[in-house]
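Residue numbers (mature numbering (1 follows the signal peptide of the UniProt record, and there is no 0)): -16 to -1, 1 to 511.
Set out below in structure tokens:
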């Protein structure tokens, strides 16, 4: 039996009246309906070491009583005492009284349990259930990898009122509804489930109110849907699919390539050029490749790569640089009783290359008694040769013209008045070259300013240039209409390159009237 002096203390007696007796106990406890609570309690009392420690030490908890006869016993470790039926199985002592432990465990708290309890005085308050459940992830969620989640209600305990669980969320639509009625959920998260809501509902058996907690799924996945956004000037174009497809850009344009991907965690993005290197200024931002002035050397394949700990993805884009024709320095020579001139152009797309003879433009391959034009092309290069037969007089004019959708360029060869050349084969002889001038004119697409150079006719010298947006091309191997006249000299500009003739014979000029009809024009009109 417990010492008699301890009983008044346990029944709510004053500690001052019993020196040496101590009791530590929370004076007020609050618990939500249906949950559990542990009331911590400990005590000590004096005893004589010369006497044996009592074989049994009984602890009693009472409710609403100031004295023994009028109190209701709710918990005890004395098997011979009967406790109240309302608290039986729900109120019980925990711990060992021999270690001075008088703690009380309350399970499945009810509103009717609210009241004053004595082992000293304890105020117990039972409130409505508002506690939300907890959702625990055993490991981080990863797309395509099965995982488990658990739902629990803090404050519930083993042996308390049974709990009913249910799960809901768009990520669970494909699961068997039976698997959603457990505290443990097993499912395989998908990429499209990232950012969606998942809810666990908990309801106490017999209760009218359920409590729930909702979380947002954070699913890790490798880079997906990698695309390239193209910004040219101030206009954003559509997303570029990549995969090596060609992006057509005009030479001199500004270009921004933005590599965009979806990933979690965020991917590291980098740019590389196939068979080339990128300058720090071009790749100064991780996702953006900047080309402020597109040049021919930028043409080629660019690769964007996105990588995070779960994987990587890459796309490629081929930059195709377009530009107007660029004529190379022409060359002329005397071959087999004829003047032969060669003209080459580089452009993208490849230029249409032809010769203007007087007022007529000859494109492709064409031949008659007076001249022969032979043309060929490969890739960006177009080549054409002109062979003129017969005598050549002052005022001779012919030009090589190249054009594509981005602009045109022409080279004009002139024989200045005052001398006349009669190119005939000779045997080791040479003659003074009459003043020749080769003029060029250059035009580019609308909005581009034409270049200008000073004019300076030089003996045996050629000049070349280009002109703006071309006239419609004539079909290959056809002569354009006579109305397609060459540009006037006032609209032309000069660049210089070498021109040489071999085995030429000099001939004195005739009077102005005798030479008023251009001998070259007659050749050009021959069929």
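Note that CB positions come from ideal geometry on N, CA and C, so glycine has one too. These numbers were taken from a predicted model, which means no experiment stands behind them.
With a 10 Å radius around the Cβ and a threshold of 16 neighbouring Cβ atoms, residue 160 comes out exposed. Secondary structure at residue 178: coil, using DSSP grouped into helix, strand and coil.
A contact is defined here as three or more CB-CB pairs under 8 Å, and the stretch 227 to 243 meets this definition with respect to the stretch 273 to 286.
Three or more beta-carbon pairs separated by less than 8 Å are not found between the stretch 318 to 325 and the stretch 291 to 303, which leaves the two stretches without contact. One alpha carbon belongs to residue 248, the other to residue 115, and they sit about 32 Å apart. For the beta strand (DSSP E) assignment, the uninterrupted runs of no fewer than 3 residues enclosed by the stretch 7 to 32 are, from N- to C-terminal side, 12 to 16, 21 to 23, 25 to 28. Beta-bridge partners of residue 280 (DSSP): none assigned. For residue 357, the beta-bridge partners assigned by DSSP are 350, 370. Going by DSSP, residue 153 is part of the beta strand (DSSP E) stretching over 147 to 153. Inter-residue distance for residue 282 and residue 369 is about 31 Å (C-alpha atoms, whole angstroms). Where residue 243 is concerned, the enclosing beta strand (DSSP E) starts and stops at 239 to 248.
Distance from the CA atom of residue 70 to the CA atom of residue 173, rounded to whole angstroms, is 47 Å.
Take residue 272, set aside five residues on each side of it, and the residues of its chain with a beta-carbon closer than 8 Å to its own are 240, 241, 242, 243, in chain order. By the C-beta density criterion, residue 362 is exposed, having fewer than 16 other C-beta atoms within 10 angstroms. Residue 354 has its alpha-carbon roughly 5 Å from the corresponding atom of residue 373.
A direct Cα-Cα distance of roughly 7 Å separates residue 206 from residue 291. Burial state of residue 203 is buried, judged by a 10 Å Cβ sphere holding 16 or more other Cβ atoms. Excluding five sequence positions before and after residue 303, the CB atoms of its chain that fall closer than 7 Å to its own CB belong to 231, 233, 282, 283, 284, 286, given in chain order. In the three-state reduction of the DSSP assignment, residue 97 falls in the helix class. Check the Cα spacing between residue 201 and each of 245, 155, 210, 168: the tightest is with 155. Looking at the DSSP output, residue 289 sits in a beta bridge with 254, 298. Inter-residue distance for residue 350 and residue 371 is about 11 Å (C-alpha atoms, whole angstroms). Between residue 124 and residue 132, the alpha-carbon positions lie close to 10 Å from each other. For residue 162, the three-state secondary structure derived from DSSP is helix. Taking a contact as a CB-CB distance under 8 Å, the pair residue 16 and residue 139 counts as one, their CB atoms being some 6 Å apart. Shown here for residue 98: same chain residues with a beta carbon closer than 7 Å to its own, the five before and five after excluded, namely 108, 109, 110 in chain order. In this chain, the beta strand (DSSP E) harbouring residue 205 covers 203 to 216. The Cβ atoms of residue 299 and residue 288 sit closer than 8 Å to each other. Distance between residue 259 and residue 357, taken at the CA atoms: about 39 Å.
A direct Cα-to-Cα measurement between residue 346 and residue 307 gives close to 23 Å. In the structure shown, residue 156 falls within a helical segment according to DSSP collapsed to helix, strand and coil.
Judged by DSSP in its simplified three-state form, residue 308 adopts strand.
With respect to the C-alpha of residue 257, the residue from 215, 301, 251 having the closest C-alpha is 301.
In the structure shown, residue 261 adopts coil according to DSSP, grouped into three states.
Looking at the DSSP output, residue 110 shares a beta bridge with 15.
Taken through DSSP and simplified to helix, strand or coil, residue 82 comes out as helix.
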